[in-house]
Amino acid sequence: MLDNSESYVTEDGRTIGGVVMEMKNITLRFGGVVAIKDISFDIREGEIRAIIGPNGAGKSSMLNVISGFYVPQEGEVLFHGKPRPQLRPYEVAQQGIARTFQNIALFEGMTVLDNVMTGRLNKMSSGLLAQAIWRGKAEKEEIENREKAEKIIDFLEIQHIRKTPVSRLPYGLKKRVELARALVSEPSILLLDEPMAGMNVEEKEDMSRFILDVNDEFGTTIALIEHDMGVVMDLSDRVVVMDYGKKIGDGTPSDIRNNQAVIDAYLGVAHD
Amino acid sequence: MFYREAGDFKTSYTDDNQTFPIKFDRYRYYVVLAIAFGVIPFLINDYWANAFLLPFLIYSIAAIGLNILTGYCGQVSLGTGGFMAVGAYACYKLMTSFPDVNIFFHVIAAGGVTAIVCTAFGLPSLRIKGFYLAVATLAAQFFLVWLFNKVSWFYNYSASGQINAPERFVFGVPVTGANTDAWATYLFCLVFLTISAIIARNLTRGMQGRKWMAIRDMDIAAEIIGVNPMRAKLSAFAVSGFFIGISGALFFAVYLGAVEVGEVFGIQKSFLVLFMIIIGGLGSIFGSFAGAAFLVLLPVVLKLIGVDFLGWPTDIVAHFNLVIVGALIIVFLIAEPHGIAQLWRVAKEKLRLWPFPH
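Chains A and B are the protein sequences, given in the same order.
Residue numbers for the first sequence follow the UniProt record's numbering, so the first one is 1 and each next one is one higher.
Residue numbers for the second sequence follow the UniProt record's numbering, so the first one is 1 and each next one is one higher.
Right, dumping it as structure tokens:
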């Protein structure tokens with residue numbers, strides 16, 4: 001096992017930093033149903049961490065625990081080494097955790113640009129009166145943040161649709177806009193809930209490229225849930241495998257590929 | 001052919017963030033402002049001021065207010081009439097308690113008082129949405145009207161239970177009371193409308209507007225992105241109340257001069273303003289103007305055609321008005337939920353390519 005501050009080198013030769021977020025013995029129950037049972041793992045700075053598992057394994061619940069939307073009954077979440085206090089959902093974003101959703105959760109009535117700009121809201125502090133007059137700080141902030149937003153729009157290649165209402169966009173582009181909205185807040189951890197769900201091969205390749213580029217260019221720490229095994233194995237540096245709320249594997253993609261418990265969970269075990 | 005953005009390049013985000021990024025729009029806006037401030041005051045007469053211009057200006061402010069709450073933030077309100085009454089009574093109490101202060105400040109203070117009341121009645125929105133919230137605001141409507149009837153302090157213990165606007169001056173010109181000139185009342189209201197519209201536009205194009213729209217479009221996602229739902233909703237109620245209060249104050253002090261609360265600020269007023277933003281366009285400042293103009297002009301035009309031209313009895317024409325408004329609400333809700341403003345946008349998009357659409 002690695003020490004918390006120790007760095008390691010990935011299979012493709014990148015150096016990964018210390019622990020950003022650590023889950024310690026997390027247990028999450030909904031009434032009598034145990035969604036997550038005694039799971040511990042960590043997310044390190046600059047890595048792409050995947051959480052995989054069959055349907056109903058508790059992956060999305062895990063992501064919600066990471067994002068602070070669910071509060072586990074047992075165990076604790078250490079963020080930058082400190083236990084995280086119980087936060088309201090809107091306070092989590094201020095901590096620097098951004099996420100995308102399995103079912104796209106964009107603001108349909110707004111343009112792409114407005115959606116992306118909304119992601120900058122924690123960086124803007126001008127009050128209601130200043131914004132009403134639109135002079136001085138309010139205008140300056142708007143322009144500065146617009147520049148940041150345009151950089152991300154440029155990066156994700158959605159310039160041509162920046163003034164289009166989101167409701168008119170096809171599915172693949174919506175996913176990209178959602179990624180832009182999460183990315184523009186300059187998060188210290190970016191959570192992606194099934195970024196490739198419902199895409200064709202070409203769109204998946206595009207999305208994979210963007211995820212790798214984001215990680216490479218901005219050094220963003222990414223935690224993602226994905227069903228497509230090929231994608232997960234290619235993208236991620238380390239993988240957590242869950243099944244029925246328990247962790248059954250944790251390690252590099254090649255470790256996971258040879259892990260008997262994982263193979264059993266995915267392919268089934270012969271009963272003799 | 002004339003309406004196009006080709007060649008109109010933006011080289012800074014300031015340019016791109018303008019209210020009217022297209023040159024043609026911008027010049028048209030200046031022309032409209034110039035006509036409204038420089039031409040109409042010289043042509044205006046009492047009939048047009050009272051039949052169309054004053055109600056149009058005042059209802060536009062109310063519609064902008066309600067549009068911020070309902071169109072931008074997605075919180076349905078049926079309490080507009082009650083909130084206008086708050087503005088009217090606040091203005092009346094301020095006018096009679098501080099007769100030396102200029103009425104301009106009374107109207108603004110009345111807006112402030114209404115903002116506070118409106119925020120208080122907006123508290124249920126933190127827990128309930130949609131129809132249920134509409135019913136909660138309906139309670140505000142009935143409670144406020146009852147309150148202003150019941151507590152005689154609000155109407156200074158007058159025997160009739162009415163409030164009457166005393167005469168007040170701006171720059172030595174009377175704007176309230178019996179001896180007003182049409183151009184003075186018109187300009188007074190126009191100043192308020194212009195300021196309200198600019199403020200509303202600035203708020204809705206900036207981060208505050210994005211927070212409101214985020215709450216409207218998907219409140220859970222908005223919260224996870226970092227919008228504080230309580231502050232977003234209550235600020236919408238406050239800003240909306242501010243504008244509605246101003247319109248109520250103007251409606252009482254400048255337009256009517258004397259008000260009996262149940263008659264003027266009843267539930268039908270709430271619906272009238274709601275219809276204005278539905279027909280005009282939810283989530284559009286222009287739509288607030290369009291809806292107010294439409295619903296104020298409709299009875300005037302119908303009366304011109306029906307009574308003066310065709311010679312029908314007045315009551316039949318009045319009923320026709322109700323039928324047409326009702327039918328239009330249904331048509332707009334089904335065919336074009338974004339109202340006249342959307343029709344206008346579509347027309348502009350078509351015009352951009354005209355006469356060579358391919």
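Ideal placement from N, C-alpha and C gives every residue a C-beta, glycine not left out.
Note down, in chain order, each residue of its chain lying with its Cβ closer than 6 Å to the Cβ of residue 291 of chain B, except the 5 sequence neighbours on either side.
-> Taking the first residue of the second sequence as position 1, residue 291 of chain B is located at position 291. Contacts found: 63, 276, 277, 279 and 280.
Cβ-Cβ separation, residue 73 of chain B to residue 224 of chain B (assumed contact under 8 Å), whole Å = Residue mapping note: residue 224 of chain B aligns to position 224 of the second sequence, counting from 1. Residue mapping note: residue 73 of chain B aligns to position 73 of the second sequence, counting from 1. 18 Å between Cβ atoms; not a contact.
For residue 82 of chain A: DSSP bridge partner residues = As a working note, residue 82 of chain A is residue 82 in the first sequence. Answer by DSSP bridge pairing, in chain order: A:79.
Kindly indicate if chain B contains any beta-carbon less than 8 Å away from that of residue 193 of chain A.
-> Taking the first residue of the first sequence as position 1, residue 193 of chain A is located at position 193. Closer than 8 Å to the CB of residue 193 of chain A there is not a single CB belonging to chain B.
Which residues in the same chain have their Cβ closer than 7 Å to the Cβ of residue 227 of chain B, if we skip the five residues on either side of it in sequence?
-> Walking along the second sequence from the start, residue 227 of chain B turns up at place 227. Cβ neighbours of residue 227 of chain B within its own chain (closer than 7 Å, five residues either side excluded): 211, 214 and 215.
Could you spell out the range, first to last residue, of the beta strand (DSSP E) harbouring residue 165 of chain B?
-> The residue labelled residue 165 of chain B in the question sits at position 165 within the second sequence. Here residue 165 of chain B belongs to no beta strand (DSSP E), and DSSP marks it neither H nor E.
Can you name the residues of chain A whose CB is closer than 8 Å to the CB of residue 203 of chain B?
-> Translated into positions along the second sequence, residue 203 of chain B becomes position 203. Residues of chain A passing the Cβ test: 128, 131 and 132.
Kindly say whether residue 173 of chain A, judged by its beta-carbon, lies nearer than 8 Å to any beta-carbon of chain B.
-> By 1-based counting over the first sequence, the position of residue 173 of chain A is 173. With 8 Å as the cut-off, residue 173 of chain A does not count as an interface residue toward chain B.
Out of B:318, B:268 and B:317, state which residue places its alpha-carbon closest to the alpha-carbon of residue 79 of chain B.
-> As a working note, residue 79 of chain B is residue 79 in the second sequence. Considering only alpha carbons, the answer is B:268.
Could you tell me which uninterrupted alpha helix (DSSP H) segments, each at least 4 residues in length, are contained entirely in the segment 19-88 of chain A, listed from first to last along the chain?
-> 59-67
For residue 222 of chain B, is the classification buried or exposed, using 16 other Cβ atoms within 10 angstroms of its Cβ as the cut-off for buried?
-> For the purposes of this step, residue 222 of chain B is taken as residue 222 along the second sequence, with counting starting at 1. It is buried - the Cβ of residue 222 of chain B has at least 16 other Cβ atoms within 10 Å.
Step through the CB atoms of chain A and report whether any lies within less than 8 Å of the CB of residue 1 of chain B.
-> Taking the first residue of the second sequence as position 1, residue 1 of chain B is located at position 1. Caution is warranted here: a pLDDT of 49 is assigned to residue 1 of chain B, below 50, making its placement in the model unreliable, and the coordinate value is therefore given only provisionally. It does not; no Cβ of chain A falls within 8 Å.
Looking at chain A, which residues of the segment 13-37 of chain B have a Cβ within less than 7 Å of any of its Cβ atoms?
-> Listed by position along the chain: 13, 14 and 17.
Cutoff 8 Å: residue 235 of chain B Cβ touching any chain A Cβ = One-based indexing of the second sequence puts residue 235 of chain B at position 235. Output row for residue 235 of chain B: interface = yes.
Which residues, in order along the segment 185-210 of chain B, keep a beta-carbon less than 9 Å from a beta-carbon of chain A?
-> 198, 199, 200, 201, 202, 203, 205, 206, 207, 208, 209 and 210
Euclidean distance between Cα positions of residue 14 of chain A and residue 253 of chain A | As a position in the first sequence, residue 14 of chain A is number 14, starting the count at 1. As a position in the first sequence, residue 253 of chain A is number 253, starting the count at 1. In a straight line, the C-alpha of residue 14 of chain A is about 15 Å away from that of residue 253 of chain A.
Report the residues of the segment 59-74 of chain A with a CB closer than 8 Å to any CB of chain B, ordered along the chain.
-> Per Cβ criterion, the list reads 67 and 69.
Test item: CB-CB of residue 138 of chain A and residue 206 of chain B under 8 Å | The sequence position of residue 138 of chain A within the first sequence is 138, counting from 1. The sequence position of residue 206 of chain B within the second sequence is 206, counting from 1. A contact, by the Cβ cut-off of 8 Å.
Tell me whether residue 269 of chain A is buried or exposed, calling it buried when 16 or more other Cβ atoms sit within 10 Å of its Cβ.
-> The residue you call residue 269 of chain A lines up with position 269 of the first sequence. With fewer than 16 other Cβ atoms within 10 Å, it is exposed.
Where residue 85 of chain B and residue 152 of chain B are concerned, what is the direct C-alpha to C-alpha distance, given to the nearest angstrom?
-> In the second sequence, residue 85 of chain B corresponds to position 85, counting from 1. In the second sequence, residue 152 of chain B corresponds to position 152, counting from 1. Cα to Cα, residue 85 of chain B sits roughly 15 Å from residue 152 of chain B.
Check whether the segment 178-189 of chain B touches the segment 39-59 of chain B, taking contact to mean three or more Cβ pairs, one atom from each stretch, closer than 8 Å.
-> yes
So what's residue 206 of chain A in DSSP terms, helix, strand or just coil?
-> Against the first sequence, residue 206 of chain A aligns to sequence position 206. Looking at residue 206 of chain A - three-state DSSP - the assignment turns out to be helix.
With 16 other Cβ atoms within 10 Å as the buried cut-off, status of residue 125 of chain A | Taking the first sequence and counting its residues from 1, one reaches residue 125 of chain A at position 125. Under the 10 Å beta carbon count, residue 125 of chain A is surrounded by fewer than 16 other beta carbons and is classified as exposed.
Residue 16 of chain A bridges to which residues according to DSSP?
-> Counting from one through the first sequence, the residue named residue 16 of chain A turns up at place 16. Residue 16 of chain A pairs with A:8.
Where do the ends of the alpha helix (DSSP H) carrying residue 230 of chain A lie?
-> Taking the first residue of the first sequence as position 1, residue 230 of chain A is located at position 230. 229-235 is the extent of the alpha helix (DSSP H) around residue 230 of chain A.
Compare the C-beta of residue 227 of chain B with all C-beta atoms of chain A and state if any pair is closer than 8 Å.
-> Translated into positions along the second sequence, residue 227 of chain B becomes position 227. Residue 227 of chain B counts as touching chain A.
Within this structure, are the beta carbons of residue 241 of chain B and residue 341 of chain B separated by less than 8 Å?
-> Residue mapping note: residue 241 of chain B aligns to position 241 of the second sequence, counting from 1. Residue mapping note: residue 341 of chain B aligns to position 341 of the second sequence, counting from 1. In this structure, residue 341 of chain B does not lie closer than 8 Å to residue 241 of chain B by Cβ.
Could you tell me which of B:177, B:352 and B:76 sits nearest to residue 131 of chain B, measuring between CA atoms?
-> Numbered from 1 along the second sequence, position 131 holds the residue referred to as residue 131 of chain B. Put simply, of B:177, B:352 and B:76 the residue whose alpha carbon is nearest the alpha carbon of residue 131 of chain B is B:76.
State yes or no: is the beta carbon of residue 122 of chain A nearer than 8 Å to at least one beta carbon in chain B?
-> For this step, residue 122 of chain A is matched to residue 122 along the first sequence. Chain B, which has a Cβ nearer than 8 Å to the Cβ of residue 122 of chain A, makes this yes.
Proximity test, Cβ basis, 8 Å: residue 114 of chain A and chain B = Working through the first sequence from its first residue, we reach residue 114 of chain A at position 114. Interface residue, yes.
Can you tell me the Cα-Cα spacing of residue 95 of chain B and residue 44 of chain B, whole angstroms?
-> Numbered from 1 along the second sequence, position 95 holds the residue referred to as residue 95 of chain B. Numbered from 1 along the second sequence, position 44 holds the residue referred to as residue 44 of chain B. Using only the alpha carbons, I get a separation of about 27 Å.
How would you label residue 174 of chain A, buried or exposed, when you count the other beta carbons within 10 angstroms and need 16 or more for buried?
-> Here residue 174 of chain A refers to the residue found at position 174 when the first sequence is read from its first residue. When all chains shown are included, residue 174 of chain A counts as buried.
Got a sec? Which residues, its chain only, sit under 8 Å from residue 208 of chain A by beta carbon, not counting five neighbours each side?
-> Residue numbering aside, residue 208 of chain A sits at position 208 when the first sequence is read from its first letter. Non-local beta-carbon contacts of residue 208 of chain A in its own chain, meaning distances under 8 Å to residues more than five positions away in sequence, involve 196, 231, 234 and 235 in chain order.
How would you label residue 250 of chain B, buried or exposed, when you count the other beta carbons within 10 angstroms and need 16 or more for buried?
-> Here residue 250 of chain B refers to the residue found at position 250 when the second sequence is read from its first residue. Counting Cβ neighbours within 10 Å, residue 250 of chain B comes out buried, since at least 16 surround it.
Under 8 Å between C-beta atoms, does residue 361 of chain B make it to chain A?
-> As shown, chain B starts at 1 and ends at 358. That puts residue 361 of chain B outside it, with no answer to give.
Integer-rounded CB distance, given that residue 62 of chain A should sit under 8 Å from residue 36 of chain A = Along the first sequence, one-based indexing puts residue 36 of chain A at 36. Along the first sequence, one-based indexing puts residue 62 of chain A at 62. The Cβ separation is near 6 Å, so the contact holds.
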